[in-house]
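Protein chains in written order, with our numbering: chain A, 3 to 468; chain B, 11 to 217.
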């Protein structure tokens, strides 16, 4: 085949691929609606597809076999790799319609997120992921792909501004409690977008590393890069945990304990199970140990004064948090790189206070919601125990009404779920608190009432005076 | 006796621990929601559209609650098209908790009724009920009509019950729904057998 024909063939092949990708953007199920940001993302990809196809149609019918051959070949290569990257987000986004997402929860969290300086216009497209995991696609990475294409394709649309991409497990759309992990993913977006946080932390990481390796033979550049990579990953994870707790309160920690099965560290007397802690004490290249993270959660919950609201005797989840405090630095391990791993941990422990400082700097203007929680959580729980959505509560004086915030509702509902689900079930005819099936059923109901209260809150605070 | 606006508003102020307390939430534009003897209720955002497949009939003796319906979410600002002579299950936006001594009745708002849309065929609400009210919406007109979530669609009448009974526990098959609920027939066969009737086995017509 002549070189001209090869190029023509490959151009048509890419054109065909983009055709089918764009068809996927359009092939949403009838009657489904999407979060506006997801609609924008799909519309962007669709428009980008139109522009790419128009551009491909302008490829000359006869390509000269001189320097232009490589010119066209390079463009085809870049476009194909960019479209391969975008391809992975389309179906999971099209699957994540409003019936399969915790819409009211995401909206409630977004309202709080937008109160942070610099994030007033942020929004999140949501997509489903197959693993039982939550993730935030690095927005700058997707924007870079979009930028690469825009540099090749005339009149290519710009990537929607202030857009983050949140991935949630496909099976957890109706869950409220487990989805309290979403703020951690919003935090990754904040970390990536706010360059000042990283700029402040990187020198601290480098100097901690230097201190940890003082007196030892100098490290080669490759090892330094590897160590910095580990330290930065751990730093970002801890930052995002603390951010999430500030945004939504201790319910984030409860969801964290649930998804990582951390109650397995307990023995039958409520103490530390010495056989069970080691898998949770291990650091990984991309993540710090989950028990170390929980220890940091507790430190922030204590500092923000959330912790005194929870009595360790009432739930084994609280015991996990409390016991994490007894774990000293030497309890944690990182088996990579032998001695290098131990030193990396030493450097990381040194930098943890600086991570707390950065979270304070970013979040201190945002009310934690604790003051309202202290006033309203008993009433919210009373409503929930009686099967009533707690979105409007007459104040004690009966002269005004309180519309509990999402933070109050989430934390009151989650702690009721952990402490007093039996009380709720015992109040319902023909239901048995010892039945797993009944517990599951009423836990789901509890989540639906909490979700409704969060949705109502958005309506109640945004209505015009009337 | 029908509760007046004043009485309903007083009961909304009572703490939940008071058995006579009434909850209606979110009560948007509260100032205009009350008439002298009724409270306007709005249409929620979730719907169940009856589906004919996979079987050409609905049988109350079978527990196939969800499979007969297509779930649809219509966000605020959007609308649902209900074709002429089509039916759909919707729900009130408001979650209601009735006092132990008050029953309720939901009626189609007169302006909505004049478009030949009926919202309820089982309008009675028992004392102590809690939940969003499922609406059996039927467009009995000869033209399609648009339903907008958030718009007032019904009105709630509250009626005092004489010598009310305080039930020791919450009960009922429909406790606490926040979205429209499909029918929950219970023990249909047992019920028929109790009166000496053997339910017929179903013969599925062949295509």
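Backbone N, C-alpha and C fix where the C-beta goes; we use that ideal spot for every residue, glycine too. This one's a predicted model, so the numbers in the text were calculated from it and none came from an experiment.
Residues that residue 155(B) bridges to, as DSSP identifies them: BP columns for residue 155(B) point to 92(B).
Three CB pairs or more closer than 8 Å across the stretch 428-448 of chain A and the stretch 172-183 of chain B: Yes: at least three Cβ pairs fall under 8 Å.
Where residue 308(A) sits in the DSSP three-state scheme: Annotated three-state conformation of residue 308(A) is coil, per DSSP.
Chain-order list of residues whose beta-carbon lies under 6 Å from that of residue 42(A) (same chain, five-residue window excluded): For residue 42(A), where only same-chain residues beyond five positions count, the Cβ hits under 6 Å are 162.
Nonlocal neighbours in the same chain, by C-beta distance under 6 Å from residue 236(A), ignoring five residues either side: Cβ within range, chain order: 290 and 350.
CB contact below 7 Å: residue 188(B) versus chain A: Output row for residue 188(B): interface = yes.
Neighbour flag for residue 393(A) against chain B, beta carbons, 7 Å: Closer than 7 Å to some Cβ of chain B, the Cβ of residue 393(A) qualifies, so yes.
Residues that residue 35(A) contacts on chain B, provided the C-beta gap is smaller than 8 Å: Those are 83, 84, 85 and 88, listed as they occur along chain B.
Buried or exposed (CB count within 10 angstroms, at least 16 for buried), residue 173(B): Per the 10 Å Cβ criterion, exposed.
Cutoff 7 Å: residue 164(B) Cβ touching any chain A Cβ: Contact of residue 164(B) with chain A is not assigned, every C-beta pair being separated by 7 Å or more.
Three-state class that DSSP yields for residue 124(B) in the structure shown: Three-state result, residue 124(B): coil.
Residue from 406(A), 371(A), 369(A) and 361(A) with nearest C-alpha to residue 382(A): Ranking the options by Cα distance to residue 382(A), first place goes to 406(A).
Residue 191(A) vs residue 138(A) beta-carbon contact at 7 Å: Contact check for residue 191(A) against residue 138(A) passes: the beta carbons are separated by less than 7 Å.
Same chain, Cβ closer than 8 Å to residue 11(B), neighbours up to 5 away in sequence not counted: Spatial neighbours of residue 11(B) in its own chain (CB-CB distance under 8 Å, excluding positions within 5 residues in sequence) are listed in chain order as 169 and 170.
Distance, residue 21(A) Cα to residue 44(A) Cα: For residue 44(A) and residue 21(A), the distance between alpha carbons rounds to 14 Å.
Residue 53(A) to residue 157(A) span [Cα, whole Å]: Linking residue 53(A) to residue 157(A) through their CA atoms gives a straight-line distance of about 7 Å.
Residue 384(A) at chain C interface by Cβ criterion, 7 Å: Given the protein chain composition of this structure (A and B), no chain C is represented.
Supposed contact pair residue 57(B) and residue 90(B) - C-beta distance, whole angstroms, cut 8 Å: Indeed they touch by this definition, with Cβ atoms about 6 Å apart.
According to DSSP, residues forming a beta bridge with residue 50(B): DSSP lists 165(B) as partners of residue 50(B).
C-alpha gap between residue 120(B) and residue 163(B), whole angstroms: So the alpha carbons of these two residues sit roughly 9 Å apart.
Min CB distance residue 185(B) to chain A below 7 Å: Residue 185(B) counts as touching chain A.
Beta-carbon proximity of residue 207(A) to residue 228(A), cut-off 7 Å: No.
Chain-ordered chain B contacts of residue 431(A) [CB-CB under 7 Å]: In chain order: 179, 180 and 181.
Distance, residue 215(A) Cα to residue 108(A) Cα: For residue 108(A) and residue 215(A), the distance between alpha carbons rounds to 44 Å.
Range covered by the beta strand (DSSP E) that runs through residue 121(A): That residue, residue 121(A), is in no beta strand (DSSP E); it is neither H nor E in DSSP.
For residue 21(B) and residue 44(B), believed in contact at Cβ under 8 Å, the rounded distance: That belief does not hold up - the Cβ atoms of residue 44(B) and residue 21(B) are roughly 12 Å apart, past 8 Å.
For residue 503(A), three-class secondary structure by DSSP: Lying before the first or after the last residue shown, residue 503(A) is absent from chain A, which here runs from 3 to 468.
Option in 198(A), 460(A), 110(A) and 124(A) with minimal Cα separation from residue 181(A): Of the candidates 198(A), 460(A), 110(A) and 124(A), 110(A) places its Cα closest to the Cα of residue 181(A).
Whether residue 144(B) touches residue 109(B) by CB criterion (7 Å): With respect to the 7 Å criterion, residue 144(B) and residue 109(B) are not classified as neighbours on the basis of their beta carbons.
Spatial neighbours of residue 1(A) in its chain, beta-carbon cut-off 7 Å, leaving aside the 5 residues before and after: The structure shown has nothing for residue 1(A), since chain A only spans 3 to 468.
According to DSSP, residues forming a beta bridge with residue 411(A): Looking at the DSSP output, residue 411(A) bridges to nothing.
Three-state class that DSSP yields for residue 92(A) in the structure shown: Secondary structure at residue 92(A): helix, using DSSP grouped into helix, strand and coil.
Short CB-CB distance (under 7 Å) between residue 390(A) and chain B: Interface residue, yes.
Sequence ranges, beta strand (DSSP E) only - wholly within the stretch 150-231 of chain A, length at least 3: Taken in chain order, the complete beta strand (DSSP E) segments of 3 or more residues contained in the stretch 150-231 of chain A are 165-171.
Limits of the unbroken alpha helix (DSSP H) element including residue 38(A): Taken as a continuous stretch (DSSP letters only), the alpha helix (DSSP H) holding residue 38(A) covers 38-59.
For residue 344(A), the first and last residue of its enclosing alpha helix (DSSP H): Its alpha helix (DSSP H) spans residues 341-365.
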